[in-house]
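Engineer: Structure below; questions to follow.
Numbering (the UniProt record's numbering), first residue to last: 1 to 125.
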């Protein structure tokens, strides 16, 4: 395998792995929202329902775009912002072990935003 192939396979693995794992956080929020329960934290002061809708978009819709590789760099940005808020606002006073997951997602989606989707994607770049 040449460097281009391994880079593209690495990008596919990064997108599928982190995008798929993000869905495990977003789908329960989506189901909560569908059930009519809009109670949720409000760390940036826009109201619980709006915060929940934004969290669902950023943890379900945009990761799905990242997984398929459509507008990957742009789709990663809302996820990055959400994970920054989770790590440094919601869990600001918590120990590192508590905010570790949000920081890992923040790093991974930042790498995806910088590197793009790779050849094995809808974008095919």
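A virtual CB, placed ideally from N, CA and C, is assigned to each residue, including glycine. None of these values were measured; they are calculated from a predicted model.
Taking the CB atoms as reference points, tell me whether residue 90 and residue 22 lie closer together than 8 Å.
Structural biologist: no
Engineer: Run through DSSP, which three-state label would residue 47 get?
Structural biologist: Residue state for residue 47 is assigned as coil, using DSSP reduced to three classes.
Engineer: Rounded to whole angstroms, what is the Cα-Cα separation between residue 36 and residue 54?
Structural biologist: 15 Å
Engineer: Measuring CB to CB, does residue 14 end up less than 8 Å from residue 108?
Structural biologist: yes
Engineer: So, for residue 62: in the same chain, excluding its five sequence neighbours on each side, which residues have a beta-carbon less than 7 Å away from its beta-carbon?
Structural biologist: 75, 78 and 79
Engineer: Thinking C-alpha only, which one of 41, 49, 24 and 45 is nearest residue 34?
Structural biologist: Selected option, being the one with the closest Cα: 49.
Engineer: If you follow the alpha helix (DSSP H) that residue 78 is part of, which residue opens it and which one closes it?
Structural biologist: 72-85
Engineer: Taking buried to mean at least 16 other C-beta atoms within 10 Å of its own C-beta, is residue 97 buried or exposed?
Structural biologist: With fewer than 16 other Cβ atoms from the protein chains shown falling within 10 Å of its own Cβ, residue 97 counts as exposed.
Engineer: Which full runs of the alpha helix (DSSP H) of 4+ residues lie inside the stretch 88-117, going along the chain?
Structural biologist: 96-115
Engineer: Does DSSP put residue 62 in a helix, a strand or coil?
Structural biologist: helix
Engineer: Can you give me the Cβ contacts of residue 103 inside the same chain, cut-off strictly under 7 Å, excluding the 5 residues immediately before and after it?
Structural biologist: Within the same chain, Cβ atoms closer than 7 Å to the Cβ of residue 103 are found at 87, the five residues on either side in sequence being excluded.
Engineer: Identify which residue in 60, 1, 41 and 9 has its Cα closest to the Cα of residue 176.
Structural biologist: Outside the shown range of the chain (1 to 125) lies residue 176, about which nothing can therefore be said.
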